[in-house]
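Read in my numbering, the sequence shown has 748 at position 261, and its numbers run on one by one without any break.
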Amino acid sequence: MTIDEILSSYEPITLDEMSGIRLMNRTDTKFVTNEEMLRRLLVMARDAYRVQEIDGLRIGNYYTMYFDTPDCNMFRVHHNGHAGRQKLRIRSYVDSGLNFLEVKTKNNHGRTKKKRMTMEGFNPLQPQHDIVFRRQDAQYEEIGDFLSQHLRYDPLVLSEHIENRFRRITLVNKGKTERLTIDLDLCFNNIRTQRPCDLSGIVIIELKRDGLVYSPILEMLRQLRIHPHGFSKYCIGSALTNPDLRQNRFKIRLRDTEKIRRQQPAPRQ
């Protein structure tokens, strides 16, 4: 069965229902696998989980543009394992036409906080790669105020660095105590080096759950031997498309990711 066929057997959950989910003691854990293992996981999970459906779609299309300094300081800070690191990105929900400018901050306790504002007029289907954060019109006045409040970097030195596209499945357990995002068909394009990278076949699973409550999916992941595995789309994509960046701390993850992809069975003829 294809992934779409398996998802068609799931009970749906709407965005309105999703908005009522509050994870009071949330923990986030990432896993990396391939599409064959994802199919097995989805079959195992369909009686315990519901799938988010928006306008009849159960797999959504996403686009992200990441910004960085000329010397890629945001990447280097992450690579060196420093706490208090930040990312600046545009996240586009392609199917709904919603675009947000987002600042993500990871604090000294390992918690990630996200602040965002609507990004009007951005077209993820035809990005121009020419965004400059200057107070040149009414929208950029608002953006400037937002960035000065939440971002520690000077916006004037930031420029577009790397973009990616992927498809996402969102599952919610029937007790509404956890949310699972599943990203597949990842591809990257480095704006500065003009190098693309296709990671189709790799699947990134992120489990957001209430740490006090039993998680059905964790037992299924254990049965399938899918183990926790750190994966930053920004950092992995940057490392794969810019050979000038230091990659020492990411070499094991890059090697593991390639190993997981090689384990993907060849398509049936």
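Note that CB positions come from ideal geometry on N, CA and C, so glycine has one too.
Here the structure is a predicted model, which means the values were calculated and not measured.
Inclusion of K720 and I692 in the CB contact set at 9 Å is not warranted, their separation being larger than that value.
Cβ neighbours of H637 within its own chain (closer than 7 Å, five residues either side excluded): V590 and K602.
Boundaries of the alpha helix (DSSP H) harbouring R526: E522 to A532, taken from the DSSP string.
Cβ-Cβ distances below 7 Å link T680 to T728 and N729 in the same chain, with the five nearest sequence neighbours on each side left out; the list follows chain order.
In this structure the stretch 704 to 718 does not lie against the stretch 538 to 551, because fewer than three pairs of beta carbons, one per stretch, are closer than 8 Å.
Taking the Cβ atoms as the reference, D582 lies roughly 24 Å from I630, outside the contact range of under 8 Å. Remark: C-beta atoms of I656 and Q734 do not approach each other more closely than 9 Å. Comparing alpha carbon positions, the residue from L643, N676 and L529 closest to N651 is N676.
A straight-line Cα-Cα distance of about 11 Å links L705 and K517. Of the candidates I739, M606, S506 and P557, the residue whose Cα lies closest to the Cα of I577 is M606.
Selection A570, T592 and I678 evaluated against Q615 yields I678 as nearest (Cα-Cα). Within its own chain, the residues whose Cβ lies closer than 8 Å to the Cβ of V530, once the five positions on either side in sequence are excluded, are M488 and I493, listed in chain order.
Around L525, the same chain offers V690 as residues with beta carbons nearer than 6 Å, after the five sequence neighbours per side are excluded.
When DSSP states are grouped into helix, strand and coil, C722 belongs to the helix group.
For N660, the enclosing beta strand (DSSP E) starts and ends at S646 to N660.
At the C-beta level, V659 and I546 stay beyond 9 Å of one another. Straight through space, the alpha carbons of D743 and L686 are spaced by roughly 13 Å. The stretch 563 to 616 contains no complete alpha helix (DSSP H) run of 4 or more residues.
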